[in-house]
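As you go down the protein sequences, you meet chains A and B in turn. Heads up, the first sequence is in our numbering, so the first residue is 2 and it goes up one at a time. Heads up, the second sequence is in our numbering, so the first residue is 2 and it goes up one at a time. Structure first, then comments.
There are 2 protein chains.
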Amino acid sequence: MNDLVEVPNSELRMRRSTTAEQIKRLILTSGLRAGDPIPTETELCQELGVSRSSVREAIRRLATLDIVEVRHGHGTVVGQMSLAPLVETLVFRGVLSPGDDLAALREVVDMRCALDMALSDRVVSVHKGKNNPTLLDLVDRMLAHAEAERPFLIEDRQFHNELLLPVGNQLAVQLVTAFWDIHTAVLPKLDLALPSDLRQTAKAHGDLYRSAQQGDAEAYRRAVVDHYEPLLRMLRVKSRP
Amino acid sequence: MNDLVEVPNSELRMRRSTTAEQIKRLILTSGLRAGDPIPTETELCQELGVSRSSVREAIRRLATLDIVEVRHGHGTVVGQMSLAPLVETLVFRGVLSPGDDLAALREVVDMRCALDMALSDRVVSVHKGKNNPTLLDLVDRMLAHAEAERPFLIEDRQFHNELLLPVGNQLAVQLVTAFWDIHTAVLPKLDLALPSDLRQTAKAHGDLYRSAQQGDAEAYRRAVVDHYEPLLRMLRVKSRP
DNA sequence: CTTCATTTGTTCGTATGTATC
DNA sequence: CGATACATACGAACAAATGAA
């Protein structure tokens with residue numbers, strides 16, 4: 002009965018899951034870069050031969066991955082391909098807390114620490130003997146905020162960003178920043194008392210930069226451990242009731 | 002004519018960007034886990050008070066992030082929240098090669114190496130003195146394939162997976178696997194001769210496991226460097242014409 | 001094996017909000 | 001201010017896949 006039905010299925014399968022793929026290929030073959038505009042929805046409908054809704058869902062998919070960026074009333078441009086999707090996925094996994102209490106968050110902090118350790122030699126070598134006013138200023142502001150008993154999330158995030166920027170690996174910077182985002186997004190959603198060792202945390206950042214500037218890799222790695230140790234200890238305690 | 006339409010605008014604004022958020026909240030408040038079914042599209046339309054198209058686009062977004070998984074003709078279930086979105090984003094960034102030749106791929110391989118180095122102590126400690134038949138078998142098969150001049154991607158991927166599994170950090174395993182996927186997906190799409198030092202690569206894997214088993218962290222780290230060195234060298238050469 | 005209900009996939013038409021000129 | 005182009009949203013209809021009766 003259905004012997005004669007020639008590949009109606011695979012035909013659809015080829016298209017269904019690949020409307021987004023076709024748009025990606027179009028971006029590649031057109032040599033577009035981040036920020037360049039891509040064809041409008043109606044143009045894509047004609048070029049790809051699919052309906053408006055399909056194009057919209059495909060664009061939604063690509064926008065979710067930050068491969069394109071939709072600007073309401075203006076158009077769609079090629080995106081920055083950031084790690085935003087990674088952040089959203091892992092934040093949700095963290096707040097879902099799959100039975101194992103805090104395991105997801107602990108793994109995120111664990112990886113932050115591991116990344117900092119892995120990059121320690123390079124961080125130290127690029128900052129050795131140099132003076133970075135931005136980092137010095139950030140450390141000062143963190144110390145001031147700590148004295149005033151106020152948090153300093155913005156400075157914290159920017160500090161880690163600036164510290165890794167000169168190593169020359171964009172992906173590394175983005176990964177560290179992404180895990181920072183995940184960490185700070187998940188932590189408040191779980192109703193546990195924040196450590197709030199503000200002074201200790203601010204001081205740890207100062208130690209990080211100072212040891213890097215002095216070219217002391219061992220001291221830098223000790224500062225990394227000090228930086229995460231209170232938080233990791235709290236997570237371990239909380240997760241073993 | 003439309004004077005009676007009360008606040009259609011702000012109402013829409015509130016909902017527009019949060020249809021996906023509402024579904025996420027529904028998953029959380031319902032205490033659903035990976036694999037559990039979520040309401041059907043029509044049910045979500047009623048519960049959230051939006052059209053089917055909006056629900057579909059929201060679900061598409063969540064499916065892209067692997068927060069849900071859609072099964073045609075069956076329904077939608079909570080997803081695994083894997084790192085698939087990270088892989089797709091970075092693969093595309095890799096093949097887009099933004100002017101800087103091979104820089105994206107080089108950074109990915111660089112991060113693979115950094116992750117392996119960061120986890121070296123833990124890998125060595127969990128394998129020290131133990132016998133893992135799976136890893137031994139994988140090394141044997143890689144050596145056999147190398148002798149027969151055939152690639153062994155499947156064994157390679159599984160080797161790194163098995164090697165890191167016992168460290169107890171799911172995220173670390175997934176990150177390493179994700180970067181492996183990105184690396185092997187991007188490399189063939191750039192038309193450059195693969196190194197194809199099959200024997201050397203197979204031998205490097207044997208060295209990795211052997212040094213871990215013997216508890217020699219220094220030897221393990223040397224094996225990591227040997228494992229990536231040919232590829233990194235090729236990338237550096239190719240990118241500086 | 002067939003039939004049927006359920007669910008997702010695709011398409012079309014229409015109306016509305018939004019940004020640019 | 002209007003005009004145009006674009007994205008956003010909704011609803012209805014039909015196609016395709018799945019699973020159970």
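Don't be surprised by glycine CBs; every beta carbon is placed ideally from N, CA and C.
Sequence-distant Cβ neighbours of B:Gln23 in its own chain, meaning closer than 6 Å and more than five residues away, are Leu49.
Of all alpha-carbon atoms in A:Gly36, A:Ala119, A:Met112 and A:Phe93, the one lying nearest the alpha-carbon of A:His75 is that of A:Gly36. Legend: CB atoms of the stretch 195–214 of chain B lying less than 7 Å from CB atoms of chain A are not found in any residue. What B:Arg57 touches in chain A, judged by beta-carbon distance under 7 Å, is Glu58, going in chain order. By the neighbour-count definition (other C-beta atoms within 10 Å, threshold 16), A:Pro134 is an exposed residue.
For B:Leu27, the nearest beta carbon of chain A is not closer than 8 Å to its own beta carbon. According to DSSP, residue pairing for B:Ile39 in a beta bridge involves B:Thr77. At a cut-off of 8 Å between C-beta atoms, B:Met235 does not count as an interface residue with respect to chain A. For a Cβ distance threshold of 9 Å, residue set Ala104, Ala105 and Glu108 of chain A lies close to B:Gln171, ordered along the chain. The Cβ neighbour count for A:Asn132, taken over all protein chains shown within 10 Å, is under 16; the residue is labelled exposed. For A:Ala218, not one C-beta of chain B is nearer than 8 Å to its own C-beta. With a threshold of 8 Å between beta carbons, B:Asp182 makes no contact with chain A. B:Val69 carries a strand assignment under DSSP once its states are collapsed to helix, strand and coil.
Taking a contact as a CB-CB distance under 8 Å, the pair A:Phe153 and A:Val109 does not count as one, their CB atoms being some 20 Å apart. Close to B:Glu89, with beta-carbon spacing below 7 Å, are these residues of chain A in chain order: Leu66.
Judged by DSSP secondary structure, A:Asn162 falls within the alpha helix (DSSP H) whose first and last residues are Leu154 to Leu165.
The stretch 134–147 of chain B and the stretch 226–239 of chain B do not touch, with fewer than three beta-carbon pairs separated by less than 8 Å. Here the alpha carbons of A:Leu116 and A:Arg222 stand approximately 11 Å from one another. Just measuring C-alpha positions, the residue of A:Val92, A:Glu42, A:Thr185 and A:Asp138 sitting nearest B:Lys25 is A:Val92. Between A:Asp138 and B:Met112, the alpha-carbon positions lie close to 29 Å from each other.
Look at A:Asp198 here: in three-state DSSP terms it is coil, with no helix or strand label. For A:Lys190, the secondary structure class from DSSP, reduced to helix, strand or coil, is helix. Out of B:Glu70, B:Arg107 and B:Ser212, the CA that lies nearest to the CA of B:Arg234 is found in B:Arg107.
DSSP places B:Gly95 in the uninterrupted alpha helix (DSSP H) bounded by Ala85 to Leu97. At a cut-off of 8 Å between C-beta atoms, A:Phe153 does not count as an interface residue with respect to chain B.
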